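For the protein sequence lines, the chains are A and B, in the order given. According to my numbering, the first sequence holds residues 520 to 631 in order. According to my numbering, the second sequence holds residues 5 to 116 in order. All remarks here apply to the structure that follows.
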Amino acid sequence: GAGVSQSPRYKVAKRGQDVALRCDPISGHVSLFWYQQALGQGPEFLTYFQNEAQLDKSGLPSDRFFAERPEGSVSTLKIQRTQQEDSAVYLCASSSLPDTQYFGPGTRLTVL
Amino acid sequence: SQQGEEDPQALSIQEGENATMNCSYKTSINNLQWYRQNSGRGLVHLILIRSNEREKHSGRLRVTLDTSKKSSSLLITASRAADTASYFCATGLNNAGNMLTFGGGTRLMVKP
Numbered sequence: 520g521a522g523v524s525q526s527p528r529y530k531v532a533k534r535g536q537d538v539a540l541r542c543d544p545i546s547g548h549v550s551l552f553w554y555q556q557a558l559g560q561g562p563e564f565l566t567y568f569q570n571e572a573q574l575d576k577s578g579l580p581s582d583r584f585f586a587e588r589p590e591g592s593v594s595t596l597k598i599q600r601t602q603q604e605d606s607a608v609y610l611c612a613s614s615s616l617p618d619t620q621y622f623g624p625g626t627r628l629t630v631l
Numbered sequence: 005s006q007q008g009e010e011d012p013q014a015l016s017i018q019e020g021e022n023a024t025m026n027c028s029y030k031t032s033i034n035n036l037q038w039y040r041q042n043s044g045r046g047l048v049h050l051i052l053i054r055s056n057e058r059e060k061h062s063g064r065l066r067v068t069l070d071t072s073k074k075s076s077s078l079l080i081t082a083s084r085a086a087d088t089a090s091y092f093c094a095t096g097l098n099n100a101g102n103m104l105t106f107g108g109g110t111r112l113m114v115k116p
């Protein structure tokens, strides 16, 4: 069975551009998480969905970050007016249980 | 902010030796998980230990948890060059969704 997939794998954006990062969770997984991982650091929580409901967005660093999961499956993380400090790897994870999360390969975003 | 801290930050050993990594955390947890991350890749779940467990084994991995000291250790026995990676501990809190809070990671290098 397929794991969590993310696209694109790499994204280069000019400062000020908007970007959209996609996550395809494992089929049937109710929970979906987004994390941000800066170079040399551990991942940091951004937001969490249960089906289509965004239950926790406390980790989103600013109102330029927006996430959605309209049909309870695929999720998109959108970053508006990107800044250099947004450069990081964005990881998506899904889970069918309240424990083990399965991570995708991540999208490496570089803002020039 | 990151809940956990791994120790050491970097570890270099010879193939066949054992590797021990430690993790400390700050708040009460529901479970603690260890993940491996190869360079440029996503996170791979290794093992989960619940707050009411003290030790768990999986193949060459042994995890201990001491909730009184708010610490955990990961032991990799008979290490192989393929074990070279970054290892992260992550804590799941007593809240809905079980978002994970990661430490900064230990970078392990196993020399052949």
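The beta-carbon is built from N, C-alpha and C at its ideal position, and this holds for glycine as well. Fair warning: this is a prediction, and the values are worked out from it, not measured in the lab.
Between residue i and the rest of its own chain, which residues show a CB-CB distance below 6 angstroms, the 5 nearest in sequence each way excluded?
i	result
Ser5/B	Per-residue confidence for Ser5/B stands at a pLDDT of 47, beneath the threshold of 50, marking its modelled position as unreliable; the derived number appears in the next sentence. If we look at Ser5/B and ignore the five residues flanking it on each side, it has no Cβ neighbours.
Lys115/B	Gln18
Glu587/A	Thr595
Ser526/A	Arg541
Of the choices the options, whose alpha-carbon is the least far from that of residue i?
i	options	result
Arg627/A	Ala586/A, Lys530/A, Gln525/A	Lys530/A
Gln620/A	Gly109/B, Thr95/B, Val114/B	Thr95/B
Tyr567/A	Val593/A, Val608/A, Ser526/A, Gln560/A	Val593/A
Ser72/B	Asp11/B, Thr31/B, Gln37/B	Thr31/B
Leu112/B	Ser43/B, Asn34/B, Phe106/B, Arg58/B	Ser43/B
Leu479/A	Glu563/A, Gln536/A, Trp553/A	Residue 479/A lies beyond the stretch modelled for chain A, which goes from 520 to 631, so this question has no answer here.
Glu590/A	Phe584/A, Asp582/A, Lys576/A, Glu571/A	Glu571/A
Arg40/B	Asp582/A, Pro562/A, Val549/A	Pro562/A
Gly522/A	Pro12/B, Thr24/B, Leu47/B	Leu47/B
Val67/B	Ala86/B, Asn35/B, Thr88/B, Ala89/B	Asn35/B
Met103/B	Ser581/A, Asp582/A, Tyr609/A, Ser550/A	Ser550/A
From the beta carbon of residue i, is the nearest beta carbon of chain A less than 9 angstroms away?
i	result
Ala94/B	yes
Leu78/B	no
His49/B	yes
Arg45/B	yes
Asn26/B	no
Gly63/B	no
List the DSSP bridge partners of residue i.
i	result
Glu587/A	Thr595/A
Gly96/B	Asn35/B, Leu104/B
Please work out which residues of its chain come closer than 7 angstroms, Cβ to Cβ, to residue i, disregarding the five sequence neighbours upstream and downstream, and give them in chain order.
i	result
Arg534/A	Thr601, Gln602, Gln603, Val630, Leu631
Ser524/A	Asp543, Gly623
Glu75/B	Correcting the residue identity first, residue 75/B is Ser in this sequence and not Glu. If we look at Ser75/B and ignore the five residues flanking it on each side, its Cβ neighbours are Asn26, Cys27, Ser28.
Ala539/A	Thr595, Lys597
Would you say residue i reaches chain B, if we count a Cβ-Cβ gap shorter than 9 angstroms as a contact?
i	result
Ser550/A	yes
Gly547/A	no
Ala612/A	yes
Pro562/A	yes
Thr619/A	yes
Phe584/A	no
Asp575/A	yes
Pro527/A	no
Give me, in chain order, the residues of the same chain whose beta-carbon lies closer than 8 angstroms to that of residue i; leave out the 5 immediate sequence neighbours on both sides.
i	result
Ser155/B	Residue 155/B cannot be examined here, being either before or after the span of chain B that is shown, 5 to 116.
Is any heavy atom of the ligand NAD found at a distance shorter than 8 angstroms from the C-beta of residue i?
i	result
Ser75/B	Looking for the ligand NAD in the displayed structure turns up nothing, as the structure carries no ligands at all.
Stretch pair the stretch 536–545 of chain A + the stretch 606–625 of chain A: three plus CB contacts closer than 8 angstroms: Yes, they touch.
Please determine if the stretch 15–27 of chain B and the stretch 78–93 of chain B are in contact, where contact requires at least 3 C-beta pairs separated by less than 8 angstroms. Cβ pair count under 8 angstroms is three or more, so yes.
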